[in-house]
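Peer 1: Protein chains in written order, with our numbering: chain D, -8 to 302; chain F, 544 to 803.
Virtual Cβ for every residue (Gly too), placed ideally from N, Cα, C.
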Amino acid sequence: MIQVNALTKYYGEKAAIDGVTFQVQKGEVLGLLGPNGAGKTTTMRILTCYMPPTSGDATIAGFNIWDEPMEIKRRLGYLPENPPLYTDLRVTEYLEFVAKIKEVPKDRIPSAISSAVEKAGLTDVVNKVIGHLSKGYKQRVGLAQALLNDPDVLILDEPTVGLDPRQIIEIRELIKALGGEHTVILSTHILPEVEMTCGRVVIINEGKVVAQDTPDGLTQRLKGTERIILEVKADGQQMEPIFSRFPQITRFQLEDSKNGVQKYVVETTEDIRNELAKAVVQNNIDLFELHSESLSLEEIFLHLTTKEEVA
Amino acid sequence: MRKTLAIFEKEMRHFFYSPIAYIVIALFAVITGVFFYLYLSSFVQAMIMDMIRSQQFRTTPQKFNVNLQLIRPYFWNLALISLFVLPLVTMRLYSEEKKNGTVELLYTSPLTITNIVLGKFLAGLFFYIIMLIPTMLFMGLLFVYGNPEFLPVVSGYLGLILLGGAFIAGGLFISSLTENQIIAAIGGFGLALLLWVIGWAANFAGPGMASVLNYLSVINHFEDFAQGVIDTQHIAFYLLFMTLGVYLTMRSVESIKWRA
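This is how it looks when you write it as structure tokens:
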């Protein structure tokens, strides 16, 4: 559905994105992940034909961004980072305007509006002036706007920013539900969001794609290191000689110490929970907790992005 | 066409949902009203003085012509006030969209730049015509109590609308260059004033330059309309001016998109 091919965009001397390449299948929800300033918004602005890239190209729904931007725009729903709202209009007036400029046939406008309003959960506020709405509702109006023309492709730039936790959950559910019927690209720097909503992740850092995989796949990839959380009743340096007995342990760290109970995070190359437990007990140390923890996407993200910074 | 109309309609809503429209309309009505009163009073006074004089010295009273001595200078006055007020109409036309980020919606919708710019220009022009309505009521009074010629009034308004269109096209262009409304207003006013006084500079320029400057002066082309003469040459000038303004706005919008 979407093919992005070596997109590069320079702002003056500085490359905002450099050779970004990825594909999105029809009905897929793709997460663009990266820290602020990584080039997510730039990528999205190019895909929405808001601005042209310096080089490279992209094809959306079979249309090239250089040759037929109009055709792409017809099949596109876009929610920019700041929802593009006219704060002096009422919600219905605004949606009516958007429906007109998005070429929704005249007789279908009322039904298109009511369905978008329902999907975005705006039923209670349709007659309110947008400027009087809360941030969360404004974001929803932005989302309703993107859904109005029943687009093949939805591009959402940080759709959950500024929402309260309950609204975030609702919007994520909505996005998940939109996949399948629509092809969705969403950008975020909040990792749980990707884990919860996206079928695939493209991680961008400093304008370059650093990884792309399913959320599970990415976790797997970094499975080389195993993390074990260990809580013991020990004092001082008692644990250190025990750890040093295992060559598999690459790193350990005292995370917390409360009422004589120490919490360690141990990184190992393989799962040694059984042996570790034995060793602890044999040394007459009380064992409180022992479990392994797979790396969350958040950590992968830190991993991937901090590496670049160090280099 | 439908999309241009959608933009037009949206702009009209912006005008009338914000207090600016009412302030501008009220301001324009009050100022033009006061001037109308003053012009009318001095016209009537001159007539009475002449009557008294003619009775004292047993001379025949002068002929007073409402069109020539009241309506014509009043049209000039309206043009001048428009010069001051129109930048307030055009200042937000484009810069507000840039400031609020709503350009992202416009540029990612299946709209052409022509749709956007033309819709905005027509909205500005239509708003100006609404602004002129109170002055038409003042003129109406002259027809109720006097007997002026009708056609020069029509030509005067045609001239005003064309002149206003030129100012609006220029102001829209300035507005498309900045996201700051104040700068857009000052710039629009500066441009209009410059084009107004450029004819004056013609007095001090060489013969070749003088004719160019005279042609460029937006106000020189207004003279005939105020006098009741509709000359296609002047209509062409204003239409050309508006086209140029709209065209430059389109190019500026496009170039900003590429520079972004």
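Near D:I195, which residues of its chain fall below 8 Å by C-beta distance, leaving aside the five closest residues on each side in sequence?
Peer 2: Within its own chain, the residues whose Cβ lies closer than 8 Å to the Cβ of D:I195, once the five positions on either side in sequence are excluded, are I8, V11, L23, L24, G25, A29, G30, K31, T34 and V201, listed in chain order.
Peer 1: Closest to F:I659 by C-alpha separation, out of D:I(-7), D:G153, D:P101 and D:K91, would be which residue?
Peer 2: Nearest C-alpha to F:I659: D:K91.
Peer 1: Nearest-angstrom Cα distance between F:R556 and F:T645?
Peer 2: Taking the straight line from one Cα to the other gives about 15 Å.
Peer 1: Taking Cβ-Cβ distances shorter than 8 Å, what residues in chain D pair up with F:K553?
Peer 2: Y77, L80 and F88
Peer 1: Following the continuous alpha helix (DSSP H) through D:K269, name the residue where it begins and the one where it ends.
Peer 2: R264 to Q273
Peer 1: Report all residues from its chain with a CB closer than 8 Å to the CB of D:E161; omit the five preceding and five following residues, and keep chain order.
Peer 2: Excluding sequence neighbours, D:E161 sits near G112.
Peer 1: Once DSSP output is grouped into helix, strand and coil, what is the label at D:T(-1)?
Peer 2: For D:T(-1), the secondary structure class from DSSP, reduced to helix, strand or coil, is strand.
Peer 1: Out of F:K642, F:M634 and F:L621, which has the shortest C-alpha to C-alpha gap to F:L675?
Peer 2: F:L621
Peer 1: Any beta carbon of chain D sitting closer than 7 Å to that of F:E766?
Peer 2: no
Peer 1: Give me, in chain order, the residues of the same chain whose beta-carbon lies closer than 8 Å to that of D:Y77; leave out the 5 immediate sequence neighbours on both sides.
Peer 2: Correct list, in chain order: Y85, F88 and I121.
Peer 1: Counting C-beta neighbours from all protein chains within 10 Å, is the total for F:Y617 16 or more, i.e. buried, or is it exposed?
Peer 2: buried
Peer 1: Provide the residue(s) that pair with D:S178 in DSSP beta bridges, ordered along the chain.
Peer 2: D:L23 and D:D148
Peer 1: Ends of the alpha helix (DSSP H) at F:S760?
Peer 2: Element bounds for F:S760: n/a, residue is neither H nor E.
Peer 1: Please report the Cβ distance between F:V796 and F:I656, rounded to the nearest whole angstrom; I am assuming they are in contact, meaning their Cβ atoms lie under 8 Å.
Peer 2: 5 Å
Peer 1: For F:F784, which residues of its own chain have a beta-carbon under 6 Å away from its beta-carbon, when the five flanking residues on both sides are left out?
Peer 2: A709
Peer 1: Quick one: Cα of D:Q130 to Cα of D:D58, how far?
Peer 2: Distance between the alpha carbons of D:Q130 and D:D58 is about 32 Å.
Peer 1: Do you know offhand how far F:G667's Cα is from F:L636's?
Peer 2: If I take the Cα positions, the gap works out to 8 Å.
Peer 1: Which class does D:L70 belong to by DSSP, given the choice of helix, strand or coil?
Peer 2: strand
Peer 1: Is D:F88 helix, strand or coil when you go by DSSP?
Peer 2: Here D:F88 sits in helix by DSSP.
Peer 1: Can the beta-carbon of F:A769 be found closer than 7 Å to that of F:R545?
Peer 2: no
Peer 1: For D:M187 and F:M634, what's the separation of their Cα atoms in angstroms?
Peer 2: 45 Å
Peer 1: Which parts of the region 95 to 136 of chain D are runs of the alpha helix (DSSP H), unbroken and 4 residues or longer, counting only runs that do not cross its ends?
Peer 2: The qualifying runs are 100 to 110.
Peer 1: For F:Q588, count neighbouring Cβ atoms within 10 angstroms of its own Cβ and tell me buried if that reaches 16, exposed if not.
Peer 2: exposed
Peer 1: By how many angstroms is the C-alpha of F:D593 removed from the C-alpha of F:F780?
Peer 2: 41 Å
Peer 1: Going by DSSP, what residue range makes up the beta strand (DSSP E) through F:H557?
Peer 2: No beta strand (DSSP E) holds F:H557; the alpha helix (DSSP H) holding it covers R545 to Y560.
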